[in-house]
Amino acid sequence: MTAIDVTPVGAAAPDHIPYEPPKAVRRGGTALLLVLLILFPLVFTNPAVTSIGVFTMIFLVAACGWNIFSGYSGYISIGHAAFYGIGQYTVALLVMHLKVPAGWDTFALLPVAGVVAAVLAVPIGFLLLRVRKHTFIILTVAVMFILQLLAFNLTSWTNGSSGLELPFPTWTGSLFNEPFYYVGLAAAVVACAVSWWVRRSKYGLGLLSIRDDEDRARGLGIHTTRTKLIAYVMSAFFVGIAGGLYAPFVGSVYPQFGFDPNFDLAVAVLVFVGGIGTLSGPVVGTLLLIPLQQYFYLQFGNDNLFLIAYGVLFILILRLLPGGISPSITQLYRRVLVARQLRTTAPPGSPAPPGAAGAPGITPAPMTGAKGREDTP
Amino acid sequence: MLVLQAIIDGVLVGGFYALMAGGLTLVFGVMDIVNFAQGILVVLGAYLSYALYAHLNIDPFVGLLITVPVMFVIGIAIYWSMIKPIKRDRVIMSLLTMFAVGTVVEGILDYIFTSNLVAIHTSYVNSSFKLGSLVFPSIYLYAFAMSVVLLGGVYYLLYRTRFGRSLRASMQNPTAARLVGINTDWVSAYTLGIGVGLAAAGGMVFGLTNSFDAASSYDLISRLLAIVIFGGFGSLSGALIASVLMLVIQDVVAVTWSATWGQTTFYIVLVLVLLIRPQGLLGRKAVRAQ
């Protein structure tokens, strides 16, 4: 399926599938961003700065992965730290038992971490996806805590609360962060590419229709459980990879940091800030917030004040930008287009055309509430 | 005899878990709001009782006369300032909002009380009654009695008063409730107030029986959510049964097998029950159209 099949739906549901900037802008912007990200560690060589870069990449992989499921299907999971932890423990245990030498060989375990997380996501997802939205949210948290408890209790495997240690890589100290950064960037590019593919494919269309109206989607012949499960497994794969990257970077794994409720909050915040269910949302949110967060953390180092600031920020974003940054910008762009079209084409007194360039004459009826409503004049 | 003792302990402790979980399930039933901040609000209640006891030497049980009304008002304030302005995607947005509110409260508590563990040490914390070889810790007996009184009060409120009728009407069908002239906003606000007030009472007992800091809320909220899911969202009786069951399973496993596996066993039972009944023990089956 190509983009042509998707476009009319995008016009009919303008809240969730906002108008996109022209192709040249999109491609150029993506390329420019990629170049900037590649050049970043070459320009800023300070290890304190590049370590922020590594954290950003880890969260970028996780946010893109999380968005593939929660963003596109509308099923919010605040238990994806389950797969983050699984990824961490997979890498740590494999390094320990297979005596994998520290360094580049550890990165070879990343796909394994992803696959293990994905395989475990099949039964977990099968269980969780039996229930609808709000119960689902709670169940994801419950499963995450079950796994955390298992990590605490299965001491023969996980060493319980004492955690596992990973050997540090052999490369030199001043260039310690760069390999992690580039591997993370590569993983993030793959995650975004998969996210892009899902967004454009017929499969993704089914996923989006589940978000808008699950019963109707089922009525239209979409195998909803299977569709949701595939997305769940895909997102688990990437979150597992994020965990597999994190463990060797910090050099240790603990149950409470592997299966970390704060990780769930963080990823949800990132995606909500950027714009949930959009392709660019997780990227925008992560690139904006994680450096800011790490900077505050390094600068003030006071965990408590930090929590307050983070919570307040989250509340403000939920209140002021309920759609997120990305959709807000595209809506602004569309509003400009609509205004321009009104000035040029519409005769005075007639109702506003439902959309701008390329939109057929379908009234943009909000499907899950008044998403496109203008709060401010 | 050990098993009997474990069952008794489970029932006694389950009583006060039912208080905290009851607040959670009521709020969900009326507003479809998963109050993610309930865990940290319980801890807030514990800290309030702690502060009253440590600084003003007010007994925690007497202190409830202060903490519960204070927390009731906090609940109402949270409703009007945080929940009411949400206009769309109420279920998810309110959940995330409560999550964020919880984070802020956690940060504030961490800042004021630091992350050192504290506990409320009253004279009766370590005393107990003995009946044959069975031991009844007096603090759990008092807490159980208090839970029975408070939950009885909530039941009376729900099923014997005009407010309770409005509340149950809002639970069944908010639109129809508004049509017959019920001010669902105030019903919701009072319900959140009651839920948070119950958290204060539960938190007082939690503070008496555990050392705690702000981070204790994560363990609490996971248990409370597990109880509420197990019992069925929106069902007060379900929450009661589930809390007692959880604690009994945990304690019996702890004495017959191993203490570390008690909680995990409960979660496994939870998952098995949900495989058969996704809506929980006494939950509503139908999914409300949104």
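Keeping their order, the protein sequence lines are chains A and B. The first sequence begins at 2 in this note's numbering and counts up by one. The second sequence begins at 9 in this note's numbering and counts up by one. Where is the CB? At the ideal position from N, CA and C, for every residue including glycine.
Classification of residue i by the beta-carbon crowding that lies within 10 angstroms, buried from 16 upward
i                      : result
residue 321 of chain A : exposed
residue 200 of chain A : buried
residue 212 of chain B : buried
residue 361 of chain A : Annotation note: pLDDT 42 at residue 361 of chain A (below 50); position unreliable, coordinate value reported separately. It is exposed - the Cβ of residue 361 of chain A has fewer than 16 other Cβ atoms within 10 Å.
residue 46 of chain A  : exposed
residue 161 of chain B : exposed
residue 328 of chain A : buried
residue 51 of chain B  : buried
residue 335 of chain A : buried
residue 67 of chain A  : buried
residue 230 of chain B : buried
residue 254 of chain B : buried
residue 123 of chain B : exposed
residue 280 of chain A : buried
residue 341 of chain A : exposed
residue 159 of chain B : buried
residue 166 of chain A : exposed
residue 216 of chain A : exposed
residue 229 of chain A : buried
residue 60 of chain B  : buried
Selected residue, minimal CA-CA separation from residue i, among the options
i                      : options                    : result
residue 106 of chain B : B:159, B:40, B:154         : B:40
residue 325 of chain A : A:296, A:270, A:131        : A:270
residue 260 of chain A : A:149, A:331, A:215        : A:149
residue 91 of chain B  : B:194, B:284, B:184, B:274 : B:194
residue 168 of chain A : A:95, A:221, A:205         : A:95
residue 15 of chain B  : B:290, B:280, B:257, B:168 : B:257
residue 231 of chain A : A:70, A:65, A:105          : A:70
residue 307 of chain A : B:275, B:113, B:278, B:96  : B:113
residue 166 of chain B : B:38, B:26, B:25           : B:38
residue 237 of chain A : A:195, A:251, A:159        : A:195
residue 164 of chain A : A:89, A:133, A:222         : A:89
residue 34 of chain A  : A:344, A:64, A:331, A:285  : A:285
residue 252 of chain A : A:43, A:107, A:65          : A:107
residue 44 of chain B  : B:240, B:228, B:267        : B:228
residue 170 of chain B : B:93, B:189, B:224         : B:189
residue 331 of chain A : A:296, A:317, A:276        : A:276
residue 33 of chain B  : B:177, B:246, B:68         : B:246
residue 8 of chain B   : B:47, B:13, B:248, B:267   : Outside the shown range of chain B, which is 9 to 298, sits residue 8 of chain B, and nothing can be said about it.
Where residue i falls: helix, strand or coil (DSSP)
i                      : result
residue 170 of chain A : coil
residue 45 of chain A  : coil
residue 280 of chain A : coil
residue 241 of chain B : coil
residue 138 of chain B : strand
residue 124 of chain A : helix
residue 165 of chain A : strand
residue 22 of chain A  : coil
residue 68 of chain B  : helix
residue 145 of chain B : strand
residue 274 of chain B : helix
residue 76 of chain A  : coil
residue 287 of chain B : coil
residue 9 of chain B   : coil
residue 185 of chain B : helix
residue 44 of chain B  : coil
residue 154 of chain A : helix
residue 177 of chain A : coil
residue 81 of chain A  : coil
residue 160 of chain A : coil
CB contact flag (residue i, residue j, <8 Å)
i                      : j                      : result
residue 144 of chain B : residue 131 of chain B : no
residue 178 of chain A : residue 48 of chain A  : yes
residue 121 of chain A : residue 92 of chain A  : no
residue 25 of chain B  : residue 251 of chain B : yes
residue 104 of chain B : residue 319 of chain A : yes
residue 246 of chain A : residue 87 of chain A  : no
residue 28 of chain B  : residue 215 of chain B : no
residue 261 of chain B : residue 11 of chain B  : no
residue 226 of chain B : residue 147 of chain A : no
residue 192 of chain B : residue 185 of chain B : yes
residue 234 of chain B : residue 278 of chain B : yes
residue 51 of chain A  : residue 183 of chain A : no
residue 291 of chain A : residue 41 of chain A  : no
Check your understanding: Can you list the alpha helix (DSSP H) stretches of 4 or more residues lying completely in the segment 193-275 of chain A, in chain order?
Key -> Runs found: 203-213, 215-220, 225-251, 256-259, 262-275.
Practice item. Output the residue ranges of the alpha helix (DSSP H) runs that lie fully inside the segment 68-143 of chain B and measure 4 residues or longer, sorted by chain position. Key: You should have 68-86, 98-121.
Exercise for review: Can you check the segment 201-261 of chain B for any alpha helix (DSSP H) of at least 4 residues that lies completely inside it and give the ranges in chain order?
Suggested key: 224-239, all fully within the segment 201-261 of chain B.
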